[in-house]
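For the sequence shown, position 411 (counting from the first letter as 1) is numbered 412 according to my numbering, and the numbering increases by one without interruption. Backbone N, C-alpha and C define an ideal beta-carbon position, used for all residues, glycine too. A quick write-up on the structure given underneath.
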Amino acid sequence: MFIGYTFVKKNNLMNKTITIAKGDGIGPEIMDATLKILKASDAPLNLEQVELGKRAYLAGHTSGITPESWDSIIKNKYLLKAPISTPQGGGYKSLNVTMRKTLNLFANVRPCKSYYPYVDTKHKDMDVVVIRENEEDLYAGIEHRQTDEVEQCLKLITRPGCEKIARFAFEYALANNRKKVTCFVKDNIMKQTDGLFHKVFNELSKEYQSIKAEVMIVDIATAKLAERPEDFDVVVAPNLYGDIISDITAQISGSVGLCGTSNIGEDCAMFEAIHGSAPDIAGKGIANPSGLIQAAIQLLNFMDLSDTAKMIENAWKTTIEEGYHTADIHNPDISKKKMSTDEFADMVIANLGQKPKNMMPADYSTGKSIQFYSYHRHEHKKEALGVDIFIHHKGTDPQFFGDNLAKAGTDKLQLQMITNRGVKVWPDGFDQTFCTDHWRCRFYSMDGEPVSAEDILEAYRSCLSHGFDVIKTENLYQFDGKRGFSLGQGQ
Ligand code: NAD
Numbered sequence: 002m003f004i005g006y007t008f009v010k011k012n013n014l015m016n017k018t019i020t021i022a023k024g025d026g027i028g029p030e031i032m033d034a035t036l037k038i039l040k041a042s043d044a045p046l047n048l049e050q051v052e053l054g055k056r057a058y059l060a061g062h063t064s065g066i067t068p069e070s071w072d073s074i075i076k077n078k079y080l081l082k083a084p085i086s087t088p089q090g091g092g093y094k095s096l097n098v099t100m101r102k103t104l105n106l107f108a109n110v111r112p113c114k115s116y117y118p119y120v121d122t123k124h125k126d127m128d129v130v131v132i133r134e135n136e137e138d139l140y141a142g143i144e145h146r147q148t149d150e151v152e153q154c155l156k157l158i159t160r161p162g163c164e165k166i167a168r169f170a171f172e173y174a175l176a177n178n179r180k181k182v183t184c185f186v187k188d189n190i191m192k193q194t195d196g197l198f199h200k201v202f203n204e205l206s207k208e209y210q211s212i213k214a215e216v217m218i219v220d221i222a223t224a225k226l227a228e229r230p231e232d233f234d235v236v237v238a239p240n241l242y243g244d245i246i247s248d249i250t251a252q253i254s255g256s257v258g259l260c261g262t263s264n265i266g267e268d269c270a271m272f273e274a275i276h277g278s279a280p281d282i283a284g285k286g287i288a289n290p291s292g293l294i295q296a297a298i299q300l301l302n303f304m305d306l307s308d309t310a311k312m313i314e315n316a317w318k319t320t321i322e323e324g325y326h327t328a329d330i331h332n333p334d335i336s337k338k339k340m341s342t343d344e345f346a347d348m349v350i351a352n353l354g355q356k357p358k359n360m361m362p363a364d365y366s367t368g369k370s371i372q373f374y375s376y377h378r379h380e381h382k383k384e385a386l387g388v389d390i391f392i393h394h395k396g397t398d399p400q401f402f403g404d405n406l407a408k409a410g411t412d413k414l415q416l417q418m419i420t421n422r423g424v425k426v427w428p429d430g431f432d433q434t435f436c437t438d439h440w441r442c443r444f445y446s447m448d449g450e451p452v453s454a455e456d457i458l459e460a461y462r463s464c465l466s467h468g469f470d471v472i473k474t475e476n477l478y479q480f481d482g483k484r485g486f487s488l489g490q491g492q
């Protein structure tokens with residue numbers, strides 16, 4: 002059965018009018034420099050400028066975007082955005098998070114390359130692309146305070162989300178002549194959520210035999226990435242890990258001022274520099290426009306305007322190679338001249354048509370574009386086997402608490418175990434285990450047969466009538482006979 006969304010091939014999205022937003026701080030300076038280069042390269046683009054950021058926030062739009070700006074982005078599909086400043090203080094929502102979720106921009110792509118010896122870096126041969134899942138994970142923003150002592154954040158990983166991002170990573174690798182995709186997860190601990198990400202990655206890797214696929218545990222993988230980035234090619238990760246590792250890769254490549262990033266959705270795409278609005282240097286004319294220029298190159302490529310993208314990339318590389326550098330990467334031992342933002346853009350324009358002499362010229366010769374696919378929802382047989390009842394309890398003796406709570410068991414559901422912060426404390430806990438006021442109490446079908454919603458409600462009511470402070474419940478399901486919940490640590 003087909004439900005869910007339909008992906009379309011990117012070529013069907015062709016639309017040569019793009020929306021641009023000049024943003025705040027250094028935003029207008031670097032956007033003007035970038036637009037000047039686009040104009041000189043004869044990029045076949047119409048521009049529609051909208052207001053995003055500080056002025057929209059201060060005009061009372063709490064997400065930093067006006068309704069007219071939304072209309073323009075949705076109509077044109079492509080947004081080239083300069084950084085914005087989020088005003089300090091409560092009540093203002095992150096524009097980036099709002100845009101990613103509203104426009105379904107599920108993939109964040111951040112190529113990080115070193116330009117040694119022209120830009121100083123410890124990693125001469127680094128050329129990594131981090132592809133970060135952009136909508137799910139702990140960033141779903143579902144958080145609750147449950148007891149005096151405990152706050153919770155839900156980590157949501159979905160099969161459609163995993164399929165979209167894993168497939169995108171392989172498609173990106175194919176379209177960009179990349180050889181390897183490494184998936185970063187922590188499924189030795191989060192066996193279900195990260196386990197699903199890993200499983201889907203493995204499933205889809207079989208469809209991309211020409212690309213080497215590997216899976217690594219995120220902690221050691223990040224350490225290796227920071228030490229030897231040249232060993233990595235394309236990296237794909239769930240949202241939180243992707244957020245962290247993409248900042249690390251950008252930082253170690255040489256300068257945050259050099260990287261552009263794209264946020265890709267099924268219907269829209271947003272391109273920007275990775276850095277912020279740099280208020281400390283705003284208005285001085287010294288900002289490096291390279292991050293936004295790189296974002297514009299990514300946009301041109303995504304729109305199948307690869308010849309223009311290539312021309313600008315080659316001119317930019319030539320400029321960097323010739324030693325014309327803005328202050329952030331200027332080094333008297335390497336650079337020929339310290340350039341203002343505007344001078345740098347003029348030098349890139351002067352170099353349009355040139356190829357770098359030492360750096361690898363731009364090459365998008367695969368001629369392949371990223372293909373998007375349909376997601377097909379699968380249905381499974383779901384049966385409840387019990388319920389985890391979470392209780393706010395201020396006592397510190399698990400044995401006493403568990404023996405009393407066991408009396409709340411019903412004909413169908415009996416207390417099987419209690420955990421505190423995930424560690425089993427009843428029955429047979431350890432005296433050494435520290436306990437907070439938040440207890441997960443598992444009531445389980447003692448004969449192993451499925452139970453009904455009414456059976457679960459009865460167990461809930463029984464806990465209440467025995468005087469326990471129930472704060473939430475989580476049903477325990479099996480899917481097609483396979484357990485869909487984790488065991489307690491020590492169970
Ligand atoms: P930042 O990236 O703006 O600045 C960090 C440092 O890097 C500063 O010293 C700055 O001068 C320097 N820098 C940044 N870009 C540069 C460039 N192109 N050329 C030369 N130097 C550059 O980070 P921040 O100071 O933490 O944030 C400032 C503002 O930017 C905040 O309001 C923040 O919310 C916003 N922000 C926006 C975005 C976005 O719109 N995508 C991203 C990050 C931060």
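Judged by their CB atoms, residue 125 and residue 117 are nearer to each other than the 7 Å cut-off. For residue 356, the closest C-alpha among the options 98, 326, 313, 437 is that of 313. The residue from 438, 224, 407 with its alpha-carbon nearest to that of residue 444 is 407. In this structure, the C-beta of residue 84 approaches ligand 1 to less than 6 Å from one of its heavy atoms.
If you draw a straight line from the Cα of residue 256 to the Cα of residue 47, it is about 31 Å long. Distances from the CA of residue 236 to each of 199, 391, 303 were compared; the closest alpha carbon is that of 199.
DSSP lists 274 as the bridge partner or partners of residue 261.
With a threshold of 6 Å, the Cβ atom of residue 258 counts as near ligand 1, since some heavy atom of the ligand is closer than that. Short note on residue 307: C-beta not closer than 6 Å to any heavy atom of ligand 1.
Relative to residue 190, the option among 423, 481, 439, 270 whose CA is nearest is 423. DSSP places residue 480 within a strand segment (E or B) once states are collapsed to three.
Of the heavy atoms belonging to ligand 1, none sits nearer than 6 Å to the Cβ of residue 38.
When beta bridges are read from the DSSP output, residue 71 appears opposite no residue.
Not one heavy atom of ligand 1 lies closer than 6 Å to the C-beta of residue 320. DSSP places residue 128 within a strand segment (E or B) once states are collapsed to three.
Between residue 147 and residue 473 a beta carbon distance of about 7 Å is seen, short of the 8 Å cut, so the two are scored as contacting. Counting C-beta pairs closer than 8 Å gives fewer than three between the segment 217-226 and the segment 164-175, which falls short of the contact rule. Under the three-state reduction of DSSP output, residue 390 falls in the strand class. Around the beta carbon of residue 143, fewer than 16 other beta carbons lie within 10 angstroms, which makes this residue exposed. DSSP links residue 340 through a beta bridge to 327.
The C-alpha of residue 344 is placed about 11 Å away from the C-alpha of residue 289. Residue 52 sits in coil when the DSSP states are folded into three classes, being neither helix nor strand. Take residue 397, set aside five residues on each side of it, and the residues of its chain with a beta-carbon closer than 7 Å to its own are 436, in chain order.
Residues of the same chain with a CB within less than 8 Å of the CB of residue 127, apart from the 5 flanking positions on each side, are 113, 114, 115, 230, 231, 250, 253, 254 in chain order. Inclusion of residue 96 and residue 65 in the CB contact set at 7 Å is warranted, their separation being smaller than that value.
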